[in-house]
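Read through the structure below, which is laid out as C-alpha cells, and then see the notes.
Chains as they are written, first to last, in my numbering: chain L, 129 to 289; chain U, 129 to 289.
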C-alpha cells in the first residue's frame with residue numbers, strides 16, 4: 129500500500145515509522161509478520177503509487193494491476209517493490225495506536241538501493257527523486273534543486289544576508 | 129532547534145512527531161512544558177535553519193543570533209518562529225525513547241500560516257516551499273514542480289504508460 133505518513137524517527141538504531149489506519153489490509157499483515165518494507169517511489173511512478181494508495185489488497189492483486197514486481201526481502205518476512213529506487217527493510221519494534229492511525233516503528237535492518245540512486249555509496253535524493261505528497265493540495269510534487277550543504281553555517285547568520 | 133526527523137503521524141486527532149536526542153536543550157524543555165511548536169522554514173531561511181541545528185540554546189540565544197522573531201504561541205506554552213511560513217502548535221501526548229532519539233508525539237491544537245502560504249485556505253507546499261533535508265548527501269533541497277493530483281488513478285495503471 130501507499131502510506132501518506134512515514135519517516136525516519138531514530139538514527140541509532142536506524143528506525144523508520146509508517147502510520148496506517150487499522151482498517152487497511154497492510155495493518156493486519158504488519159501485526160502478523162512483525163515486519164515491513166518501505167519502498168520509496170520515484171516521481172516517474174506516481175500513477176502506480178497513487179493507485180496502490182486507493183485500491184486494497186483485500187480486493188485485488190496490486191502488483192498484478194500495476195505490473196510492479198514483488199521481490200521477497202532477504203532480511204525480513206515482507207515483499208518490496210522491485211522498480212522503486214530505494215527500499216528500507218524493517219523489523220517491527222513498536223506499535224502505537226494514536227487515533228485513526230497506528231504508528232508502526234521499525235528498525236531498519238537492511239537498505240536496498242539502485243546503483244544509479246547512489247553517490248559515493250549513499251542514497252542521493254537528487255537521483256532517487258522521491259515523490260512528495262502535499263496534504264494541503266492533495267497533490268504530488270517533485271524534488272527541486274539542491275540548495276546548500278547542511279551543517280555549514282557555524283557562525284550566527286544575522287549579518288550574512 | 130532544527131530537527132532532521134519529524135512528520136505527520138496521525139490524521140485524527142491531527143498529530144505530528146519530532147525526534148530529538150536526549151542531549152539537546154529542547155528535549156528537556158518539551159518534557160517540562162509538555163508542549164512544543166513545529167515552525168517550518170522556507171527555503172529562503174536555510175542559513176537560519178542550519179545554524180539553529182548546530183548551535184545550542186544552552187550556550188547562546190539563537191533568536192538573537194539569527195534575528196528571527198520568537199512569538200509566544202496562543203495555544204500552547206512554547207514559542208514559534210515569526211518569519212517561518214507554517215507553524216504547528218502541539219500538546220505533547222507521548223514520548224518514546226527509541227535509542228539515540230526520543231520520539232515526541234504531539235496533538236496539533238492549532239496551525240498558524242502566512243496568508244501568502246495558503247490556497248483556498250489550506251497550506252500550499254508550492255507557496256511554503258519548505259526546506260527538504262537529504263540525509264544521504266547531508267544537503268538541503270527545494271521543492272520541485274507539482275506533478276499530479278493525488279487520489280486520481282482509480283483504475284489499474286498497467287496499460288496507461
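In this text, a Cβ means the ideal position worked out from N, Cα and C, and glycines have one as well. Quick caveat, the model's predicted, so the values are computed rather than measured.
Tell me the rounded alpha-carbon separation between residue i and residue j.
| i | j | result |
| --- | --- | --- |
| residue 140 of chain L | residue 220 of chain L | 15 Å |
| residue 284 of chain L | residue 228 of chain L | 42 Å |
| residue 258 of chain U | residue 278 of chain L | 15 Å |
| residue 188 of chain U | residue 261 of chain L | 36 Å |
| residue 207 of chain L | residue 274 of chain L | 32 Å |
| residue 173 of chain L | residue 269 of chain L | 12 Å |
| residue 251 of chain U | residue 203 of chain U | 19 Å |
| residue 212 of chain L | residue 193 of chain U | 42 Å |
| residue 281 of chain U | residue 129 of chain L | 14 Å |
| residue 248 of chain U | residue 144 of chain U | 23 Å |
| residue 286 of chain U | residue 214 of chain L | 21 Å |
| residue 243 of chain U | residue 243 of chain L | 43 Å |
| residue 263 of chain U | residue 263 of chain L | 23 Å |
Take residue i as the anchor and find which of the options has the nearest alpha-carbon.
| i | options | result |
| --- | --- | --- |
| residue 180 of chain U | U:199, U:164, U:152, U:161 | U:152 |
| residue 209 of chain U | U:246, U:167, U:190 | U:167 |
| residue 201 of chain U | U:248, U:183, U:177, U:239 | U:239 |
Could you check whether residue j and residue i sit closer than 8 Å to each other, using their CB atoms as the reference points?
| i | j | result |
| --- | --- | --- |
| residue 241 of chain L | residue 230 of chain L | no |
| residue 138 of chain U | residue 216 of chain L | no |
| residue 236 of chain U | residue 218 of chain U | yes |
| residue 276 of chain L | residue 267 of chain U | yes |
| residue 176 of chain U | residue 196 of chain U | yes |
Only counting the same chain, and skipping five residues up and downstream in sequence, which positions put a Cβ closer than 6 Å to that of residue i?
| i | result |
| --- | --- |
| residue 146 of chain U | 131, 134, 232 |
| residue 288 of chain U | In this predicted model, residue 288 of chain U has a pLDDT of only 49, less than 50, meaning its place in the structure is not dependable; the value taken from the coordinates is given anyway. Correct list: empty, nothing qualifies. |
| residue 124 of chain U | The question about residue 124 of chain U has no answer, for chain U in this structure spans 129 to 289. |
| residue 255 of chain U | 245 |
| residue 169 of chain L | 177, 212, 259 |
| residue 185 of chain L | 153 |
Whose C-beta lies closer than 8 Å to the C-beta of residue i among residues of the same chain, with five residues either side of it excluded?
| i | result |
| --- | --- |
| residue 149 of chain L | 155, 228, 229, 230 |
| residue 142 of chain L | 136, 235, 236 |
Near residue i, which residues of its chain fall below 7 Å by C-beta distance, leaving aside the five closest residues on each side in sequence?
| i | result |
| --- | --- |
| residue 253 of chain U | 271 |
| residue 205 of chain L | 161, 163 |
| residue 158 of chain U | 164, 220, 232 |
In chain B, what lies closer than 8 Å to residue i by C-beta?
| i | result |
| --- | --- |
| residue 168 of chain L | Reference to chain B is not applicable here, since the protein chains of this structure are L and U. |
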